[in-house]
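**Student:** What follows is a structure written as structure tokens; I'll ask about it next.
Residue numbers (full-length UniProt numbering): 1 to 375.
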């Protein structure tokens, strides 16, 4: 059964989320106080994963990544009382700018309230002196970007891309329905669990379209993105003019991410920054990276015997048995071409919504498992 037919997408729990007023003024102490209130409440998620807020209960195994302009270190850790493997993000709050503190608080609050099977949530958040600890489930396959670097340097197969994108877009659709723009869609913010389930992360740049109870048609906020984020950003966001941008800016980023997964590298990555900006603002609507077409005889990703694996897990398990995955054929279906072309349209209004993307023909030709555990 296709995941497109799964009723869990329609039965996702909905909650009202409005945090803008909480973000008007912020300091590291404000963030600490907010954590005490936000994470002192018992939730269904806490009951499922009872992890403590005591630093001594975590054994840091190895550093697996960096974040927040290298102010955050990400570790594989073991929760000693339960033996559970988790990811521990540790941030030095005293070195964070006001802008970054605001982004961290935004991420903590929204992660606490979002309820969707394809959005990464936190198991525990607490401070220890100057350090902010964020504990989340361990993602055995790390991010889609990590998979590209390690096993798919020339790009992934279309079937694997379909499974990864569908999960990420499902989470993105949930955010858009609640009036939030993600503003940081890229392969490194798409995480994959040991069961092959896809989770959208990177919530620190989320921005609300709701102001004083009214949903805005466009916003004009331009956060202090790292320059490394520029290749994924939409032309209208980079333009910073009176037209502003909306949720369709995320759809452009989905298109760039699709090219990233297909080619093994990010479009515009090798360009000087000025040339890249001109290319985005004045260049063709369709990304110039060539992707050959082929007849839609796409191989299917098999479901696991457990019935839980999305298909990515089994595919990657087979991959891990070899030192390097063979270079995939650089051929993709017309449906994949069309998906990218729609996402990268210069006119934001001509791009489909996240909900519209989920019913695109590209996803109908890739096999999905039914997420029975979320029904």
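For each residue, glycine too, the CB sits at the ideal point set by N, CA and C.
If we require 3 or more residues per run, which beta strand (DSSP E) segments fall completely within the region 80-159?
**Tutor:** Counting whole runs of 3 or more residues, the region 80-159 contains the beta strand (DSSP E) stretches 84-92, 124-128 and 131-137.
**Student:** Helix or strand or just coil, what does DSSP make of residue 266?
**Tutor:** Three-state result, residue 266: coil.
**Student:** Does DSSP put residue 67 in a helix, in a strand, or in coil?
**Tutor:** Three-state DSSP puts residue 67 in a strand.
**Student:** Which same chain residues, not among the five before or five after residue 128, have their C-beta less than 8 Å away from its C-beta?
**Tutor:** Closer than 8 Å at Cβ, skipping near neighbours: 55.
**Student:** Looking only at C-alpha atoms, which of 263, 197, 272 and 189 sits nearest to residue 250?
**Tutor:** Comparing Cα-Cα distances from residue 250 to each of 263, 197, 272 and 189, the minimum goes to 189.
**Student:** Take residue 90 as the anchor and find which of 119, 70, 147 and 226 has the nearest alpha-carbon.
**Tutor:** The shortest C-alpha separation from residue 90 is found at 70.
**Student:** Roughly how many angstroms lie between the CA atoms of residue 58 and residue 78, to the nearest whole one?
**Tutor:** Cα-Cα distance, rounded: 6 Å.
**Student:** Count the other CB atoms within 10 Å of the CB of residue 158; is the residue buried (16 or more) or exposed (fewer)?
**Tutor:** Counting Cβ neighbours within 10 Å, residue 158 comes out buried, since at least 16 surround it.
**Student:** Just to confirm before moving on: does the CB-CB distance between residue 260 and residue 266 stay below 8 Å?
**Tutor:** The answer is yes: Cβ separation under 8 Å.
**Student:** Figure out for me which residue from 72, 277, 136 and 217 has the closest Cα to the Cα of residue 130.
**Tutor:** Closest by alpha carbon: 72.
**Student:** For residue 336, tell me which candidate among 203, 96 and 160 has the shortest Cα-Cα distance.
**Tutor:** Out of 203, 96 and 160, 160 has the C-alpha closest to the C-alpha of residue 336.
**Student:** List the endpoints of the continuous alpha helix (DSSP H) containing residue 238.
**Tutor:** Residue 238 -> alpha helix (DSSP H) spans 235-239.
**Student:** Measuring straight from C-alpha to C-alpha, what distance separates residue 162 and residue 252?
**Tutor:** Their backbone Cα atoms lie some 17 Å apart in a straight line.
**Student:** I'd like the list of long-range same chain contacts for residue 268, defined as Cβ closer than 6 Å, with 5 residues on each side in sequence excluded.
**Tutor:** Cβ neighbours of residue 268 beyond the five flanking positions: 231 and 276.
**Student:** Starting from residue 190, trace the beta strand (DSSP E) in both directions and tell me its first and last residue.
**Tutor:** Residue 190 -> beta strand (DSSP E) spans 190-192.
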